[in-house]
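Protein chains in written order, with the numbering used here: chain A, 16 to 299; chain B, 16 to 299; chain C, 16 to 299; chain D, 16 to 299; chain E, 16 to 299; chain F, 16 to 299.
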């Protein structure tokens, strides 16, 4: 399965340029310049060293080509593909200096995003056979949100809202300020456009009933145990989208899915996903 | 211990602005605007929910104050401080809308950087009593390198080079292109200024001897077992800085330190550190 | 009614800086520098010269204060307020050079955004008493979308989606590529997160029925006459949000609203709204 | 007549990137991604739906090619050309996703700038046969000044100064601060370089005489009736450039031109020009 | 004499931020951080070590205050003031770390711009008593044009055009493409607005006559000897502004001025002005 | 000898774009647009008019190609090459408008950087036959540091640290704050990573001895006379890198080198290097 990064390469180049500038500074790659002839050509492959799911190949390629557009970079395993140790993800052929100078930045993108995709896939895999979707949150790393949201999709997950701007999420404090769930939902509806969905967070089944009766589109069931979740599903299934949230792990996610909730949201897949181990090997 | 972020606030604001723009989009916090009165005032605290080491308090404060400079934010536990669950790190007092709208971005910085500091501290703690330093690598998350390098220092670690520009690191390919270690070191010295240190990666004790005789400042002992590391220390201690590298974990780091190497470098503390669990609690 | 601009002043300053740089170039205000003493102080007011609705006061104030934070700028009539000729909107007191150099840029923002608010208000006024909302489109002026969307709200309108990213809008070509309405709606639902609403454009009542049966959230009735709109309302009211679109004018908008559609969208209020005539008057 | 946009494409790309980022956000075109196959190819044309003058074709093409440089875009009617309903302005051939995702931003540029060119042309046409030039002002939309100034030239108009930096314009307040017209003109000449022209605004024929005697290059006759303008022309024609200004409309512009003034300046053509109606049609 | 920098501090901060970022990198001032206590306070003065004219004090102050707004910086000798060795230009009082970390960037701006002002002043001084003005050119250092143009004014010079955009300068190639001086001047007048002056470069007195008869505003007499310049002045004085150009030095500038030309332009004052020697002294 | 600029062209383009924007403004090259046909083609060469060393050819080529990638630019004499008057450095072939509009910005980069290379070469030449290296300082022009450091290498010099971030330099104030040289060196070592070299400035031989005994990597001998320098070399040669600094000129540099110091640092080669005279000649 190939999943394209959603923005044009020319827009992605801003992030690529910033990452390369961070690594090259004003002096550039002083090691390579001193030791590798300017016209040396080389070949290399980027390989997986652990099992997982790939994400970020287009961005890794953009890093190499930003340094030198004449370098040839072929993607062997596209975003969304499963990988095993030893699988070749990207093949490179071109100036040795370019390969050496761009290697680390490209791997940093690719390893992190594949890590996010793999973590997501682990949760997705755990709920396979249920109708529950795994979704991410706004608990992302600063500056990398769009990239991480893409990686979540590569891992088989779905995206929650991208920011404060594209969906309403009413929490405790908003509810308190409006004198209750009913007031908060009415206040939200009074000013919002017709394209915006409204989600509200509830802690109890009583709150759930109130949220339902006021027409919330999505109801987040915050930190409920599986028994309570099952009751919530019994009450609200089909009337609003039901989202379970709070301390989701690979171990507990299936039990939660089996309560019948529609979506389960996880911050861990974006803020704590370990890097997928990858390496760049030079070929003679 | 207080460790200040090394750049002026006005320079950090660029990263803060980008992170806030990512979360606010063009429409802003549509939930808060619909539900919280413009002139509502509130108080809140940011608390640790897990044990660890704090990093990023100045940046978290910068996030809140960027949204509204009138908000009062006090740091109770500064960067580098150990925290236990329930400890208050930052206290906030000001417009409720500002607290609600800036909360997630501030926590994303603080949780991630404290995660890096905590991971670093775990390694530092494991080698306590030896003379070995824990250092980071260039395996950082794109756009966050300066922040992560700071967090490593907060955790008691030291920084390796910041990029390709501030120190030489000669690896396999550089060596091959120069016909060997001797050639590579001579090539590097021929063009480099007198303020730059030269590190070279070696795989064998034979290479180590050659690197020593050519006057390398730092020698990276790549993926050697502890017996070989001990022999390397026997040969080279005091003649060059010796750095052990490769698959460092909390479990194996002490054994490696006890070989007598000067520094141990870890990519895991920056590319895979889990988030430190923190929360923002509203008072009253 | 006061409607705050949704982004923090520090983020708005980027647009303000760009607009001022466009007017000041590298040489600055060469007239004022040559003729006005550096320490001269002055007072001025910004007045309406035509009837309308105000929008952009916070941005106009930001322009003046960006040039010199010591200038005192008081907003007398806030965003969303109706104005008549002669009404004072903003009062200024401070360095004469600042007032003279910032005047045009501030008025360009304020006049344009008030123009958008006024045009919106004209449509809103025309449908007063019905339940139909007036909404804007993506037919905005490049670089000014967030500002214009805010101005629409100031005029009593509501916002449609902000961009391609925050809601689905399925048009002819998307439908054709999926082999029909059913296919297109199924394709959209298969990949989208649970926070995204799906709108589809239909030309006929037959298409309307198909879109309804596939569960579209919003249905755009494109360029239908009022008789057809009435039939559409008869079929679909309450089952999906119904949006009328196409050549909306102050003259025809009420008749369309009276068909019972939920929202009417207009490109004219953002791409063709005439400037609201304003002037800056110096006192003494 | 072909009028090229005055800046290199690479500099224009900054504005293009900003406009596309505004529309694509971090998630991109979620509709197109869900419904259009990645390798689908298509053809489309941009057509005029109303009569007018074209401006912005190079920028519209830049929008499409920024999204995907492989798309082929041919300009059939260049900037400055008159168009009638049904005329094809630009032809497109390439990836369907690119055409669909870039369409709105390209049309927003093209429709607005053609609107400015058309409004300008309406004034130019009204004074045809006289020697009077139509010029724009600094009453432009923030961030779009360079684009609008270009569109004015496409419509047959000429440019007034681009900003506060490239010509002197002495107004009431500057005059008052210098104790009169003579003082203000002397002050300006004392500090300005030899490449800068000096314009001064006068309200009466007495002021006109003073401005003339002090050697003003250009004299703005502010809001004078046609009788007074004729007298001013009688006094000053050929001694300074005479500019009429104030509430210029298509209806009154010819009478003003026939007084013999050299230039007539209009804010309306940039701050209030309605969009020229254009559409993108897909071809099978 | 005080000459203010022409742009608001908030716009200058972009250049200040870039210069500081260039010096601080991601790691900041590692020396100062290691050796100076965070709360240490200090005083310092910036003194001239050579005779010259000051320029750039506002920018130097902006550098210090960008690093820490709490630092107090007082300008003792403002832009345009003559200085002798030992004169104090700026006094500083505040955090020692800020003074130490910002010192070099502030001195780099101040020393360079004062160098430009001093070089300009040397030429201005050499022509004192004549009516000839010294002006700069577009031969400036990339990125510093606006700063250098300001420094020229501080040295008593005047500015030529700022760029290709604010005045016409017709050279050999433009003339050749239009079939001669007459054609080139007519072509320029046909498209230019009424606020733009037209300069043309001539090599011979015959060309001068042709340029005059076609109404050039300014005529550049390129690399003419003083005898030819005198003849040119005899022919054209008062009919057009006469500018002498080419290899101007402190030694030959007076002889050229005494020919009666209106302005003399020099590239040397911006592209080759030596730094004015300044130093920062710490006070106990 | 060819010395490549150390950063990828795509990163250099930011500086190129800024320099071109500075020259083109919003209106562009109004002279060329009015006088040169859009499709005119031309050839030109950039020639040296004085003897020196070339630097900046890749950047000059980037300027032309940024304006129009179709222009063909060939470098005849690469960075680091010596040039004599009349030597052709770069040959151009393409649109006449591009050559004319980009000429000045390209020459401004090339002339300045070649000036820095030439000034460096003059010092390097003066010490030929000794083992002493000529190095630059942080006394660079704001925004141009990376470019100037490259030019120094082209002239045969070496680079000192690039900024405050990549090496420690302990001066008077740092020493005072730590209670002496010993304290300062210990403080620096306590926090710094193992890749950073430590330099300390000393004024006396006594300080030199203390710095040596504390293991400073580099010792700057500040403003010492040649007799003292010889004594310092006698004491410290081979134990630390010895750097002489202060008022270095072409006249005195050899005598200083002959004292046996390892490096001599000069601010003059970056802050005061005169432009190398170059010109662009059009070919028929």
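Cβ atoms here follow ideal geometry from the backbone N, Cα and C, with glycine treated the same way.
Helix, strand or coil: which one does DSSP assign to residue i?
{"i": "residue 201(A)", "result": "helix"}
{"i": "residue 111(C)", "result": "helix"}
{"i": "residue 18(F)", "result": "coil"}
{"i": "residue 120(D)", "result": "helix"}
{"i": "residue 173(B)", "result": "strand"}
{"i": "residue 179(E)", "result": "coil"}
{"i": "residue 51(E)", "result": "coil"}
{"i": "residue 265(B)", "result": "coil"}
{"i": "residue 280(B)", "result": "strand"}
{"i": "residue 249(C)", "result": "helix"}
Along chain D, which residues have their Cβ under 8 Å away from the Cβ of residue i?
{"i": "residue 83(F)", "result": "23"}
Short of 7 Å in beta carbon distance, which residues of its chain neighbour residue i, apart from the five on each side in sequence? Order them along the chain.
{"i": "residue 137(E)", "result": "265"}
{"i": "residue 203(C)", "result": "183, 185 and 213"}
{"i": "residue 197(C)", "result": "225 and 229"}
{"i": "residue 127(B)", "result": "290"}
For a quick check, are the C-beta atoms of residue i and residue j less than 8 Å apart?
{"i": "residue 191(B)", "j": "residue 220(B)", "result": "no"}
{"i": "residue 129(D)", "j": "residue 167(D)", "result": "no"}
{"i": "residue 72(D)", "j": "residue 94(D)", "result": "yes"}
{"i": "residue 152(A)", "j": "residue 175(A)", "result": "yes"}
{"i": "residue 163(A)", "j": "residue 104(A)", "result": "no"}
{"i": "residue 28(F)", "j": "residue 81(F)", "result": "yes"}
{"i": "residue 57(A)", "j": "residue 21(F)", "result": "no"}
{"i": "residue 99(C)", "j": "residue 292(C)", "result": "no"}
Output, in chain order, the set of chain B residues within a Cβ distance shorter than 9 Å of residue i.
{"i": "residue 39(E)", "result": "21, 22, 23 and 26"}
Quick one: which chain D residues come within Cβ less than 7 Å of residue i?
{"i": "residue 161(A)", "result": "41"}
Can you give me the Cβ contacts of residue i inside the same chain, cut-off strictly under 8 Å, excluding the 5 residues immediately before and after it?
{"i": "residue 34(A)", "result": "78, 120, 123 and 124"}
Who are the neighbours of residue i on chain E, taking C-beta pairs under 7 Å?
{"i": "residue 277(D)", "result": "209"}
What in chain B is Cβ-close to residue i, meaning under 8 Å?
{"i": "residue 48(E)", "result": "19 and 21"}
{"i": "residue 35(E)", "result": "23 and 26"}
Which residues in chain C sit within 7 Å of residue i, going by Cβ to Cβ distance?
{"i": "residue 242(A)", "result": "Chain C residues near residue 242(A): none, gap ~24 Å exceeds 7 Å."}
{"i": "residue 65(E)", "result": "Residues of chain C passing the Cβ test: none, with the nearest at roughly 28 Å."}
Residues of chain A with CB closer than 9 Å to the CB of residue i, please, in chain order.
{"i": "residue 53(D)", "result": "17 and 19"}
Which chain F residues sit within Cβ distance under 7 Å of residue i?
{"i": "residue 32(A)", "result": "25 and 26"}
Mind listing the chain A neighbours of residue i? Cutoff is C-beta to C-beta under 8 Å, in chain order.
{"i": "residue 164(F)", "result": "41 and 42"}
At which residue ranges does the region 187-247 of chain A contain complete alpha helix (DSSP H) runs of 4 or more residues, listed in the order of the chain? As far as the region 187-247 of chain A is concerned, its whole alpha helix (DSSP H) runs of at least 4 residues are 187-192, 196-206 and 220-228.
Ignoring anything shorter than 3 residues or poking outside the region 28-76 of chain F, list the beta strand (DSSP E) runs there in chain order. 56-63
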